[in-house]
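In what follows, a structure is listed as structure tokens, so that the remarks can point back to it.
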Amino acid sequence: MDTGEYRCAYIATQGPLQETIDDFWRMLWEHNSTIVVMLTKLKELGRDKCSQYWPNDRSQRYQFFVVDPLTEYNMPQYILREFKVTDARDGQSRTIRQFQFIEWPEQGVPKTGEGFIDFIGQVHKTKEQFGQDGPITVHCSAGVGRTGVFITLSQVLERMQYEGVVDLFQTVRMLRTQRPAMVQTEVSVPATCHGADRGEGTCDLPWCRPR
1 MDTGEYRCAY
11 IATQGPLQET
21 IDDFWRMLWE
31 HNSTIVVMLT
41 KLKELGRDKC
51 SQYWPNDRSQ
61 RYQFFVVDPL
71 TEYNMPQYIL
81 REFKVTDARD
91 GQSRTIRQFQ
101 FIEWPEQGVP
111 KTGEGFIDFI
121 GQVHKTKEQF
131 GQDGPITVHC
141 SAGVGRTGVF
151 ITLSQVLERM
161 QYEGVVDLFQ
171 TVRMLRTQRP
181 AMVQTEVSVP
191 ATCHGADRGE
201 GTCDLPWCRP
211 R
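The UniProt record's numbering puts the sequence shown at residues 1 to 211.
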């Protein structure tokens with residue numbers, strides 16, 4: 001997604017299905033996207049929300065790409081997984097990191113906006129730390145609800161820092177011109193509002209730190 005003058009670009013997508021897992025890894029490679037944000041569990045309320053598109057403990061090949069699990073860190077609100085991905089056609093490899101937020105209730109919004117902002121901060125700090133220029137890939141199940149909240153809140157906090165304004169409506173409107181139905185429900189909007197309110201002055205995103 002084009003974010004205009006802002007520094008970070010995103011790929012918003014639905015959670016991979018079993019038949020699209022190969023395509024998902026090819027997309028990450030072709031767009032040089034080395035950070036994936038997952039905002040859903042594999043199952044919620046007894047329904048499949050996303051196929052497991054990564055290996056647990058041994059390497060697995062997805063079409064042209066061999067994915068080797070490196071490490072997994074279990075944090076209070078999220079899981080960070082690191083993979084070495086190798087293009088079997090030419091031997092080139094890169095590290096891809098997946099952040100899975102696990103504290104989003106099956107119905108409703110994250111318990112605290114502050115916790116979700118901390119998660120966003122970790123994602124963006126990692127991107128900055130490793131000097132990765134590719135877009136951040138964000139997905140939930142359909143790729144519009146929770147995905148829209150993550151991208152909207154990231155943009156709102158960045159704009160708040162550089163312009164001193166919080167304009168949720170305009171941010172969502174801009175995103176919807178590129179992906180209809182972003183931030184689609186009344187459940188999603190309060191999560192964004194509460195996050196922005198809590199983030200002011202305490203945000204740990206790279207662009208919000210004192211300079």
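Quick reminder that beta carbons are idealized off the backbone N, C-alpha and C, glycines included.
- By the Cβ-count criterion, Asp118 is buried, with 16 or more other Cβ atoms from all chains shown falling within 10 Å of its own Cβ.
- For the stretch 18-68, the full-length alpha helix (DSSP H) segments reaching 4 residues or more read 21-30 along the chain.
- Cβ-Cβ distances below 6 Å link Arg81 to Glu72, Gln98 in the same chain, with the five nearest sequence neighbours on each side left out; the list follows chain order.
- Your pair Ile136 and Val37 checks out as a contact, with CB atoms roughly 6 Å apart and the cut at 8 Å.
- Nearest in C-alpha terms to Gly115, of all of Cys140, Glu158, Ser51, Trp104, is Trp104.
- By the neighbour-count criterion, in which a residue is buried when 16 or more other Cβ atoms sit within 10 angstroms of its Cβ, His31 is exposed.
- The Cβ-Cβ distance between Gly15 and Ser141 falls below 7 Å.
- Every beta strand (DSSP E) of 3 residues or more that sits fully in the stretch 126-155 is shown, in chain order, as 136-139.
- Thr13 and His124 do not touch by the CB rule: their CB atoms are close to 19 Å apart, not below 8 Å.
- Minimum Cα-Cα distance from Glu19 among the listed residues Gly148, Phe83, Tyr62 corresponds to Tyr62.
- Taking C-beta separations shorter than 7 Å and ignoring five residues to either side along the sequence, the partners of Phe24 in its chain run Pro16, Tyr53, following chain order.
- Per the coordinates, the alpha-carbon of Ala88 lies some 6 Å from the alpha-carbon of Phe64.
- Here the alpha carbons of Phe130 and Arg94 stand approximately 12 Å from one another.
- Taken in chain order, the complete alpha helix (DSSP H) segments of 4 residues or longer contained in the stretch 76-131 are 113-129.
- Distance from the CA atom of Pro110 to the CA atom of Asp48, rounded to whole angstroms, is 20 Å.
- Shortest Cα-Cα distance from Cys50 to any of Lys84, Ile21, Gly113, Glu128 involves Ile21.
- Less than 7 Å separates the beta-carbon of Thr34 from that of Gly134.
- Counted as a single uninterrupted DSSP element, the stretch harbouring Ala9 is not any beta strand (DSSP E), since DSSP gives it neither H nor E.
- Here the alpha carbon of Met160 sits roughly 28 Å from the alpha carbon of Ile79.
- Here the alpha carbon of Gly113 sits roughly 13 Å from the alpha carbon of Phe101.
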